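In my numbering, the protein residues as written are 89 to 207.
To start, the structure under review is shown below, and the notes come after it.
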C-alpha cells in the first residue's frame with residue numbers, strides 16, 4: 089500500500105467514527121472520534137485474543153513500512169495544531185499567562201532531565 093491508500097483509509101475511518109459519534113454517542117467531536125477509535129482498537133485486540141484472524145499480520149506489515157517520525161512530526165501533526173490554535177481566544181490566553189508560563193517552564197525542565205538521564 090502506498091501513502092495515498094493509507095491516508096484514504098484513515099480519512100474514511102475518521103469519517104465513519106465521526107458519523108457514529110454524531111448519530112449515537114453525541115459527544116464533542118474530538119472526544120467521540122477518539123473514543124470510537126479506542127473502542128474499535130480494543131475490539132480488534134479482544135477478537136485477536138479470542139483467536140479470530142482479521143488480518144493483523146497484514147496491518148502490522150503495513151505499519152512497519154511507515155516512517156512515523158517523518159509522517160507524524162513533519163506531516164500530520166501540523167494540521168491539528170493549527171486547527172487547535174485557531175480556536176484559542178487571546179483574552180483567555182492572557183488571563184492564564186502565569187499558569188501557562190509555569191507549566192511550560194516545568195515541562196521544559198522535566199523534559200531536559202528525562203532526556204539527559206536517558207542518554
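Cβ atoms here follow ideal geometry from the backbone N, Cα and C, with glycine treated the same way.
These numbers come from a predicted model, not from an experiment.
Starting from residue i, follow the alpha helix (DSSP H) in both directions and report where the run begins and ends.
i	result
residue 180	178-183
residue 129	117-137
residue 104	91-108
residue 166	166-174
residue 151	144-152
Using the Cβ count rule (16 or more neighbours within 10 Å means buried), how would you classify residue i?
i	result
residue 88	Since the first residue shown for the chain is 89 and the last is 207, residue 88 is missing from the structure and cannot be characterised.
So, are the CB atoms of residue i and residue j less than 9 Å apart?
i	j	result
residue 113	residue 102	no
residue 156	residue 128	no
residue 150	residue 94	yes
residue 178	residue 188	no
residue 109	residue 97	no
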